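Scroll down for the structure; my scribbles are underneath it.
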Amino acid sequence: MLSPVREARPYRFALGFARQPAVGPEAFGHSGAAGAQSFADPVTGIAFGYTRRRYAFPGGAAPENERLTAAVLGVARGL
425 MLSPVREARP YRFALGFARQ PAVGPEAFGH SGAAGAQSFA DPVTGIAFGY TRRRYAFPGG
485 AAPENERLTA AVLGVARGL
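So the sequence shown is residues 425 to 503, counted in our numbering.
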């Protein structure tokens, strides 16, 4: 499974959460089978959570997760 912002490296888990290097070096989070996505970066204070009303067919990351994550990070970092 790839991270929400496309990377060549797969998730790396630490204490049950996936590391999120695209968000920050200390960031962690997890995605759900129905397309949910969440992450937090204790260094910058950025936190994001998203759930869907409908299951993302055929499962896995919802198609909008990449755009939503990029928008949140862009605003939080001051574009």
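Virtual Cβ for every residue (Gly too), placed ideally from N, Cα, C. It should be emphasised that the depicted structure is a prediction, and the values quoted were computed from it without experimental measurement.
query: Buried or exposed for Arg501, going by 16 or more other Cβ atoms inside 10 Å?; result: exposed
query: If you draw a straight line from the alpha carbon of Phe441 to that of Pro487, how long is it in whole angstroms?; result: 21 Å
query: Are the beta-carbon atoms belonging to Ala460 and Ala451 less than 9 Å from one another?; result: no
query: At the level of alpha carbons, what is the spacing between Pro449 and Pro466?; result: 10 Å
query: May I ask you to list the residues that DSSP assigns as paired with Gln461?; result: Ser455, Tyr474
query: Decide if Thr475 is buried, meaning its Cβ has at least 16 other Cβ atoms within 10 Å, or exposed.; result: exposed
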